[in-house]
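Visitor: Below: one structure in structure tokens.
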Amino acid sequence: MIIKEQASLKNSFAINSRSKYLITIESEDCLDNLENFLSKNPGKVLVLSEGTNVILPEFYDGVVITTSCNHINKISNAEVKVGSAVNWHYFVNWCIDNDYYGIENLSLIPGSLGAAPIQNIGAYGVEVGTFIKSVRFYDFKDQAIKVFNSSDCKFSYRNSIFKNMDILILEITFEFNKTGLNLSYKSIEEYIKYNNIDSSNLNQRQLAEIVQEIRKARLPDPSLIPNVGSFFKNPLVEIDSISLSSFSLDDLIIWESDSSLVKVGAARLIELIKDQIPNNPNISLHANHALVIVNLGNASQKDVTDYADLIKNKVYKTFNIELELEPSIIKS
Ligand SMILES: Cc1cc2nc3c(=O)[nH]c(=O)nc-3n(C[C@H](O)[C@H](O)[C@H](O)COP(=O)(O)OP(=O)(O)OC[C@H]3O[C@@H](n4cnc5c(N)ncnc54)[C@H](O)[C@@H]3O)c2cc1C
135 MIIKEQASLK
145 NSFAINSRSK
155 YLITIESEDC
165 LDNLENFLSK
175 NPGKVLVLSE
185 GTNVILPEFY
195 DGVVITTSCN
205 HINKISNAEV
215 KVGSAVNWHY
225 FVNWCIDNDY
235 YGIENLSLIP
245 GSLGAAPIQN
255 IGAYGVEVGT
265 FIKSVRFYDF
275 KDQAIKVFNS
285 SDCKFSYRNS
295 IFKNMDILIL
305 EITFEFNKTG
315 LNLSYKSIEE
325 YIKYNNIDSS
335 NLNQRQLAEI
345 VQEIRKARLP
355 DPSLIPNVGS
365 FFKNPLVEID
375 SISLSSFSLD
385 DLIIWESDSS
395 LVKVGAARLI
405 ELIKDQIPNN
415 PNISLHANHA
425 LVIVNLGNAS
435 QKDVTDYADL
445 IKNKVYKTFN
455 IELELEPSII
465 KS
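Going by the numbering used here, the letters in the sequence shown line up with residues 135 to 466, in that order.
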């Protein structure tokens with residue numbers, strides 16, 4: 135276990151952030167020491183990995199915990215156990231190299247393995263929860279290691295049971311039973327058609343490259359333009375509840391969902407009201423994607439939350455739709 139004081143915290147929104155303590159757990163053997171440390175230093179605890187889905191405060195007055203468990207163990211032709219500190223995109227490439235099918239659509243999503251189940255990361259028609267057999271984690275409340283199988287995890291759109299638990303994910307077991315490629319997402323279909331690609335001959339690597347091309351055209355690279363990806367979830371609403379006094383349904387993007395609710399494209403809602411959001415010298419919407427808020431250089435946490443509130447209020451007043459944030463706002 136490594137303990138640092140006044141450590142600076144990595145985050146893709148590039149907020150200059152530090153914490154009272156930063157602890158790195160190198161293996162499960164460190165958990166007794168961690169319990170000891172926390173009992174002697176009671177207070178707030180935050181689990182943080184690569185910091186690509188959080189808006190951090192300038193100072194976190196508590197203990198930040200991260201892991202460096204970076205093993206990838208092949209168990210069988212279908213099963214793999216992976217440590218929480220492994221980088222997600224690295225793992226996608228590893229799966230492609232080792233013929234495990236299914237997560238190539240999730241290529242280039244920033245962040246770590248350990249965070250992937252928390253919001254059930256998803257993109258281009260695929261969600262990570264589909265491939266998770268079990269999640270091994272430390273439960274801070276019960277001070278015990280637990281294993282949840284896939285159904286215990288209660289995966290749904292950008293959500294899981296873990297969002298409401300105080301836990302440190304240590305290892306994930308994946309089960310890959312599929313062999314074909316998932317090409318059914320609209321922007322993948324359009325890319326294939328536009329570029330005259332013969333989809334019957336596509337392999338996993340080529341699909342991952344297509345996904346990367348599409349992503350790079352729309353999403354800013356956080357190492358060049360600090361951001362946390364999509365800032366708002368696509369809301370699920372009753373279609374009759376949408377206020378249409380300023381725009382018509384044809385102006386919106388609407389997908390059917392499993393329930394009686396419809397999923398509304400949050401990016402389009404924001405595009406339609408963005409001219410009414412006052413300019414802020416520290417922060418703005420990304421030119422290619424209205425769902426992405428970018429740090430223009432000097433943004434504080436308050437700049438971000440104020441700006442997000444302005445957008446939420448304007449969308450609510452215009453469409454009677456409540457937007458929900460995707461990243462976690464971490465209180466100081
Ligand atoms: C440019 C960009 C594009 C993105 N595109 C997508 C996308 O297409 N789809 C998508 O779903 N997401 C996307 N994201 C969001 C982000 O990549 C994911 O949420 C990712 O899983 C976050 O990983 P992280 O390691 O950075 O987590 P962090 O930001 O460090 O943490 C995120 C949350 O997970 C918790 N957490 C982290 N590690 C652990 C652990 N080991 N145990 C328990 N809790 C933990 C934290 O407490 C926090 O609540 C994007 C982000 C960016 C910047």
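Even for Gly, the Cβ is constructed at its ideal location relative to N, Cα and C.
All figures in this text were calculated on a predicted structure; none of them were measured in a lab.
Could you give the uninterrupted runs of the alpha helix (DSSP H) lying entirely in the segment 340 to 372, keeping only those of 4 residues or more?
Guide: Complete alpha helix (DSSP H) runs here, min 4: none at all.
Visitor: Just to confirm the assignment, what range does the beta strand (DSSP E) spanning Ile-136 have?
Guide: That run of the beta strand (DSSP E) goes 136 to 142.
Visitor: According to DSSP, what are the bridge partners of Val-426?
Guide: Ser-364.
Visitor: If you draw a straight line from the alpha carbon of Val-197 to that of Asn-204, how long is it in whole angstroms?
Guide: Rounded to whole angstroms, Val-197 to Asn-204 spans 22 Å at the Cα level.
Visitor: Just the Cα atoms here: how many angstroms apart are Ile-417 and Asn-454?
Guide: Their backbone Cα atoms lie some 25 Å apart in a straight line.
Visitor: How would you label Trp-222, buried or exposed, when you count the other beta carbons within 10 angstroms and need 16 or more for buried?
Guide: When all chains shown are included, Trp-222 counts as buried.
Visitor: Round the Cβ separation of Thr-186 and Val-362 to the nearest angstrom and send it over; I've been treating them as touching at under 8 Å.
Guide: That pair is a contact at about 6 Å.
Visitor: So what's Asp-273 in DSSP terms, helix, strand or just coil?
Guide: In the structure shown, Asp-273 sits in a strand (DSSP, three-state: E or B).
Visitor: Given 7 Å as the limit, tell me if Val-216 has its C-beta closer than that to any heavy atom belonging to ligand 1.
Guide: Not so, every heavy atom of ligand 1 lies at least 7 Å from the Cβ.
Visitor: To the nearest whole angstrom, what separates the beta carbons of Ile-149 and Ser-364, a pair I think is in contact under 8 Å?
Guide: With 8 Å as the limit, Ile-149 and Ser-364 do not qualify as a contact, their Cβ atoms being about 18 Å apart.
Visitor: Curious, which full-length alpha helix (DSSP H) runs of at least 4 residues does the segment 226 to 304 contain?
Guide: Qualifying alpha helix (DSSP H) stretches, in chain order: 284 to 287.
Visitor: Helix, strand or coil for His-205, going by three-state DSSP, please let me know.
Guide: In this structure, His-205 counts as coil in the three-state DSSP scheme.
Visitor: Let me confirm a value: Val-281 is counted as buried when at least 16 other C-beta atoms fall within 10 Å, else exposed. Which label applies?
Guide: The residue in question, Val-281, is exposed, as its Cβ has fewer than 16 Cβ neighbours within 10 Å.
Visitor: Taking the alpha carbon of Gly-256 as the reference point, which residue from Ser-294, Lys-267, Ile-279, Ser-142 has its own alpha carbon closest?
Guide: Of the candidates Ser-294, Lys-267, Ile-279, Ser-142, the one whose C-alpha sits nearest the C-alpha of Gly-256 is Ser-294.
Visitor: Assign Asp-437 to buried or exposed, taking buried as 16 or more other Cβ atoms, counted over all protein chains shown, within 10 Å of its Cβ.
Guide: By the 10 Å Cβ count, Asp-437 comes out buried.
Visitor: Return the chain-ordered list of same chain residues with a C-beta closer than 7 Å to the C-beta of Asn-414, the five sequence neighbours on each side being excluded.
Guide: Only Asp-437, Tyr-441 meet the Cβ criterion.
Visitor: Terminal residues of the continuous alpha helix (DSSP H) containing Tyr-441?
Guide: Segment 435 to 453, the alpha helix (DSSP H) holding Tyr-441.
Visitor: Pick from Leu-240, Leu-182, Ser-246: whose alpha carbon is nearest that of Phe-265?
Guide: Considering only alpha carbons, the answer is Leu-240.
Visitor: Any contact between the segment 391 to 406 and the segment 323 to 342? By contact I mean 3 or more CB pairs, one from each, below 8 Å.
Guide: Because the criterion of three Cβ pairs below 8 Å is not met, the segment 391 to 406 and the segment 323 to 342 do not touch.
Visitor: From Ala-249 to Trp-228, what does the alpha carbon distance come to, in whole angstroms?
Guide: The alpha-carbon atoms of Ala-249 and Trp-228 are separated by roughly 18 Å.
Visitor: Going by other Cβ atoms of all chains shown within 10 Å of its Cβ, with 16 needed for buried, is Gln-277 buried or exposed?
Guide: When all chains shown are included, Gln-277 counts as exposed.
Visitor: So does Asn-187 have its beta carbon nearer than 7 Å to some heavy atom of ligand 1?
Guide: Checking the Cβ of Asn-187 against ligand 1 gives yes.
Visitor: Express the C-alpha separation of Lys-174 and Ser-321 in angstroms, rounding to a whole number.
Guide: The alpha-carbon atoms of Ser-321 and Lys-174 are separated by roughly 52 Å.
Visitor: What I want to know is whether the C-beta of Gln-253 ends up closer than 7 Å to one or more non-hydrogen atoms of ligand 1.
Guide: Checking the Cβ of Gln-253 against ligand 1 gives yes.
Visitor: Out of Asn-432, Asn-298, Glu-405, Asn-254, state which residue places its alpha-carbon closest to the alpha-carbon of Ser-284.
Guide: That would be Asn-254, whose Cα lies nearest to the Cα of Ser-284.
Visitor: Report whether the distance from the Cβ of Ser-379 to the nearest heavy atom of ligand 1 is below 7 Å.
Guide: Answer for Ser-379: no, Cβ out of range of ligand 1.
Visitor: Tell me the DSSP secondary structure of Leu-496 in three-state form.
Guide: One cannot answer for residue 496 here, as it falls past the ends of the chain, which runs 135 to 466.
Visitor: Is it right to say Pro-360 is buried, meaning 16 or more other beta carbons lie within 10 angstroms of its own, or is it exposed?
Guide: When all chains shown are included, Pro-360 counts as buried.
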